[in-house]
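Residue numbers (my numbering): 645 to 1116. Every residue, glycine too, gets a C-beta built ideally from N, C-alpha and C. All values derive from a computational prediction rather than experimental measurement.
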């Protein structure tokens, strides 16, 4: 058995027990939103090398980040991770400009990483002097993003990855580095081994930081990364969830928690699949989080980017299976967003402007879709499949009378929707109207035992048509 946290939760309907927390209900705003923006940004954006784990890998001998660091910045006892903080100036950071871009992209919620494994807080906190309000940007980054989001009606959430800080910097214990300098213990510590059980002090401090984020910023979504599912932390997560849900009840704001693996009991929060998807319609609402980049969650030099078509296809696949997509971007250290990332978001937004009614506020149909491409299931599978084809179709619905058939790649000639063949049970009701979203052309279609056969539009705008709207 693990100890009970010494923490008084907010008064309200929830207590820190799973049977109580399972009374949680997924907010309507979340089920309707379908698309959000994740943001990984911090001192690790300064070296812009490898990935967002640079702060750890620069202290691990033999890792490319170690060699890169020594060559570029000097030995770790002379220039450590702490020395990136003054260089993280964020002089081009403009939360309103970011939010304008996210709105153009069609995002309905935004989730900045409030603290990554590196231990640098991107918000104003009394628990950690190493924060963006006191150092580096000298601005409450999370607070500015929250205000900009709320001004535009975008739902604001936060992400906290501090659990892994228990061991994250431990490579620096193995040689002469500044991780061993007692003057920086508050930043680099504890730097223990992963096999060591977190101390009670670490767990109490962890819970207090989580609740401070809730109390001070009132996020409507709270995302947890991995490692928090370790059994010693489970009681603390239950206390956090009860506190958060009770706070939300007092605010009158519907909220949700994201979790991975077996961190929460089923029904007590919303499960998340990192860099992956699920294979079929789920009876529960879920989230996929992935990044625009293939290599990293933060900005790095030499990143390989996913195409807008691929990401739009993923969005449609996820929504058809009762999910939502949280898509990550990584700004540069100065706060500017790389042109490649801007172009991806603009392209997604342009598609959603035309086809958003097939995404926002929809629910799954009787089957999620059809087609030849098999989507691998589970975490870290986003690079393990081939591209979608125009024969890959996903279904969403609005009420009883509108069905959307979304081609995951731009079609040409004719689309055959085999799930609507007249001999199948799925096609019991008669079809009254068929149209392509984004074009006013009359649509030639027929339905027989092979399926619903729909001619592709040929006029202006037809080349990008991907969504067939079917009325019963």
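Do residue j and residue i come within 8 Å of each other at the CB atom, strictly closer than that value?
i            : j            : result
residue 815  : residue 703  : yes
residue 649  : residue 848  : yes
residue 923  : residue 1053 : no
residue 722  : residue 710  : no
residue 851  : residue 884  : yes
residue 999  : residue 1081 : yes
residue 1010 : residue 1070 : yes
residue 942  : residue 696  : yes
residue 996  : residue 988  : no
residue 736  : residue 978  : yes
residue 1186 : residue 767  : A query on residue 1186 cannot be resolved here, the shown segment of the chain reaching from 645 to 1116 and no further.
residue 757  : residue 683  : yes
residue 1007 : residue 654  : no
residue 732  : residue 781  : yes
residue 762  : residue 686  : yes
residue 810  : residue 836  : yes
residue 1065 : residue 1041 : no
residue 889  : residue 658  : yes
residue 920  : residue 1025 : yes
residue 993  : residue 656  : no
residue 793  : residue 776  : no
Report, in whole angstroms, the separation of the C-beta atoms of residue i and residue j, which I expect to be a contact under 8 Å.
i            : j            : result
residue 881  : residue 936  : About 30 Å separates the two Cβ atoms, so there is no contact after all.
residue 752  : residue 798  : 7 Å
residue 1097 : residue 1060 : 5 Å
residue 679  : residue 968  : 7 Å
residue 1062 : residue 1014 : 6 Å
residue 693  : residue 981  : Incorrect: roughly 19 Å between the Cβ atoms, too far for contact.
residue 868  : residue 904  : 7 Å
residue 676  : residue 1005 : 4 Å
residue 708  : residue 801  : Not really, about 33 Å apart at Cβ, beyond 8 Å.
residue 666  : residue 912  : 5 Å
Could you please give the first and the last residue of the uninterrupted alpha helix (DSSP H) stretch that includes residue i?
i            : result
residue 956  : 952-964
residue 789  : 785-795
residue 998  : 983-999
residue 856  : 844-861
residue 930  : Not the alpha helix (DSSP H): residue 930 falls in the beta strand (DSSP E), residues 930-935.
residue 894  : 878-895
residue 1079 : Unbroken run through residue 1079 is the beta strand (DSSP E), 1077-1080; no alpha helix (DSSP H).
residue 1058 : Here residue 1058 belongs to no alpha helix (DSSP H); instead the beta strand (DSSP E) covers 1058-1061.
residue 747  : 739-748
Please list the terminal residues of the continuous beta strand (DSSP E) segment that includes residue i.
i            : result
residue 1039 : 1037-1042
residue 662  : Element bounds for residue 662: not the beta strand (DSSP E) but the alpha helix (DSSP H), 662-665.
residue 1014 : 1007-1014
residue 916  : 914-918
residue 800  : 799-804
residue 1085 : Looking at the DSSP string, residue 1085 is not in any beta strand (DSSP E), and its letter there is neither H nor E.
residue 1111 : 1111-1115
residue 759  : 753-759
residue 903  : 900-903
Is it right to say residue i is buried, meaning 16 or more other beta carbons lie within 10 angstroms of its own, or is it exposed?
i            : result
residue 1110 : buried
residue 743  : buried
residue 907  : buried
residue 705  : exposed
residue 806  : buried
residue 717  : buried
residue 1101 : buried
residue 895  : exposed
residue 1088 : exposed
residue 1116 : exposed
residue 928  : exposed
residue 1031 : exposed
residue 827  : exposed
residue 729  : buried
residue 1086 : exposed
residue 795  : exposed
residue 1107 : Only weak support exists for where residue 1107 lies, its pLDDT of 49 falling under 50; the value from the coordinates is given anyway. Classification of residue 1107: exposed, given that the 10 Å Cβ count is below 16.
residue 932  : buried
residue 838  : exposed
residue 853  : buried
residue 983  : exposed
residue 746  : buried
residue 759  : buried
residue 647  : exposed
residue 663  : exposed
residue 914  : buried
residue 724  : buried
residue 1083 : buried
CB of residue i to nearest heavy atom of the ligand NAP: below 7 Å?
i            : result
residue 1003 : No copy of the ligand NAP occurs in the structure displayed, which carries no ligand at all.
Counting beta carbon pairs with one atom in the segment 1032-1052 and one in the segment 958-971, are three or more of them shorter than 8 Å?
yes
Would you say the segment 768-784 touches the segment 815-824, given that touching needs at least three Cβ pairs under 8 Å?
no
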